[in-house]
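Before any comments, here is the structure.
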Amino acid sequence: MDRFAELNAFSLVASHGGFSAAARQLGVATSSVTRLVDALEQRLGTPLLNRSTRSITLTDSGRTYLEHTNQILAALDEADDAAGGGNGELHGLLRVAAPVTLAIRYLAPLLPGLAERYPRLRLDLRLADSVTHLVDEAIDVAIRIGSPPQQPNLIARKLAGHRRHIVASPAYLARHGTPRTPADLAGHNCLQFAYGASRHSWHLRSDAETTEVEVTGSLTVNNSEVLRLAACDGMGLALLPAWLVQGDLDNSALVAVLPGYEANPGQMDIGIYAVYPASRRGSAKIRLLIDLLQGALSGE
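See the structure below:
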């Protein structure tokens with residue numbers, strides 16, 4: 000039991016980036032978590048964490064040990080799932096990473112029903128528009144928009160397609176005109192999402208031909224909801240997912256520009272995927288979340 004407590008404490012410290020956060024997750028004193036990790040390092044005879052007043056990071060040994068630790072904890076979690084699966088009593092912790100706006104639109108509405116049906120299930124949601132590292136952050140399942148990862152230790156299940164529209168408000172188009180060809184975008188204020196890598200072009204495909212257009216604009220933001228609001232307020236053109244702007248298109252708050260083209264900032268054939276470690280292949284909790292989210296996205 001002490002060894003399990005050590006592993007659990009170490010995993011939480013690594014994933015939360017500190018002893019205090021791990022202690023809050025466990026509902027114990029910070030000193031208790033510190034003692035557990037100290038005991039683990041002493042037993043192993045090697046430091047697992049680099050500790051400073053500002054941050055906690057993994058040593059090389061700690062990074063390797065964390066991967067094995069998370070596999071052990073996942074296996075125990077799988078055993079719990081299997082034991083309780085017959086009576087539908089899913090329980091324990093499920094850590095989920097997801098893009099902010101997608102989670103607000105589609106994941107948040109599922110939470111009350113989950114809590115009512117599975118009162119012993121605990122969710123830890125990590126919302127960010129950047130890509131999370133599943134092992135380092137001890138994430139059970141991540142919802143990602145893009146192409147499926149080509150990694151043997153990860154499984155990707157497609158939840159939905161991810162069509163995007165170039166949109167603008169009627170007021171903006173009345174002032175600046177409507178683009179008729181991809182080349183016309185160069186003369187417009189193109190509001191952009193801040194991707195991890197600098198990207199200043201949009202790709203448009205008609206039939207089998209793809210055109211890359213350099214775009215510039217007065218706003219770059221790392222949140223798609225803010226980008227949507229800016230487009231609705233007439234600031235410029237924006238490249239946004241259908242699941243986010245379909246309501247605005249239906250009520251004419253936004254107008255689709257160049258509707259004869261498929262548009263994306265990068266690769267054309269992307270989707271919404273649930274990504275999880277291969278070691279969690281049999282997890283009933285992950286399967287439940289994926290099925291619910293796929294159902295919610297089925298209309299998209």
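Residue 218 in numbering that gives the first Met the number 0 sits at position 219 of the sequence shown, and the numbers go up by one each step.
Every residue, glycine too, gets a C-beta built ideally from N, C-alpha and C.
Check	Outcome
Can you tell me whether Ala241 is helix, strand or coil according to DSSP?	helix
So if DSSP puts Tyr272 in a beta bridge, which residue, or which two residues, is it bridged to?	Arg143, Lys157
If we ignore side chains and look at the alpha-carbon of each, how far apart do Ala127 and Leu6 end up?	26 Å
Name the residue from Ala159, Ala170, Arg2 whose alpha carbon lies nearest to the alpha carbon of Val36.	Arg2
Please report the Cβ distance between Ile285 and Val99, rounded to the nearest whole angstrom; I am assuming they are in contact, meaning their Cβ atoms lie under 8 Å.	That belief does not hold up - the Cβ atoms of Ile285 and Val99 are roughly 21 Å apart, past 8 Å.
Using a threshold of 9 Å, state whether the C-beta atoms of Leu11 and Ala182 are closer than that.	no
Are three or more beta carbon pairs between the region 140-157 and the region 270-286 nearer than 8 Å?	yes
Could you pull out every residue in the same chain whose Cβ sits closer than 6 Å to the Cβ of Asp247, ignoring the five residues on either side in sequence?	Leu253
Should Gly61 and Leu75 be called a contact, given that it needs their Cβ atoms to be closer than 9 Å?	no
His164 lies in the beta strand (DSSP E); which residues open and close that run?	163-167
Which class does Arg53 belong to by DSSP, given the choice of helix, strand or coil?	coil
Excluding the five sequence neighbours on either side, which residues of its own chain have a C-beta within less than 8 Å of the C-beta of Thr56, listed in chain order?	Leu48, Asn49
Answer yes or no: do Thr219 and Gln191 have a C-beta to C-beta separation smaller than 9 Å?	yes
Looking at the structure shown, is Ala123 part of a helix, part of a strand, or coil, going by DSSP?	Ala is not the amino acid found at residue 123; the sequence shown has Asp there. The answer is strand: DSSP assigns Asp123 an E or B state.
Once you ignore the five residues that flank Thr45 on each side, which residues in its own chain have a CB closer than 7 Å to its CB?	Ser60
Going by DSSP in three states, Leu236 sits in which element: helix, strand or coil?	strand
Give the range of the alpha helix (DSSP H) segment to which Asn7 is assigned.	1-15
State the Cα-Cα distance for the pair Gln41 and Asp232, rounded to the nearest angstrom.	59 Å
Of the choices Asp206, Ser223, Thr210, Thr177, whose alpha-carbon is the least far from that of Ala255?	Thr177
Assuming Arg241 contacts Arg162 (C-beta within less than 8 Å), just tell me the rounded distance between them.	At residue 241 the sequence reads Ala, which differs from the Arg that was named. Their Cβ separation, rounded to whole angstroms, is 5 Å, which keeps Ala241 and Arg162 in contact under 8 Å.
Roughly how far, in whole angstroms, is the beta-carbon of Ala159 from the beta-carbon of Leu124, given that I think they are within contact range, below 8 Å?	About 19 Å; that fails the 8 Å criterion.
What residue range does the beta strand (DSSP E) around Gly91 cover?	91-97
Answer with yes or no whether the minimum CB distance from Ala252 to chain B is below 9 Å.	The chain labelled as chain B is not found in the depicted structure, where only one protein chain is given.
For the beta strand (DSSP E) containing Arg204, list its first residue and its last residue.	200-205
How many Å lie between His199 and Gly186 at the Cα?	14 Å
How about Ala78 and Arg279: are their beta carbons less than 9 Å apart?	no
Per DSSP, what are the beta-bridge partners of Asn152 in this structure?	Note: Asn152 sits in no beta bridge, so no partner.
Which residues in the same chain have their Cβ closer than 6 Å to the Cβ of Lys157, if we skip the five residues on either side of it in sequence?	Gly270, Tyr272
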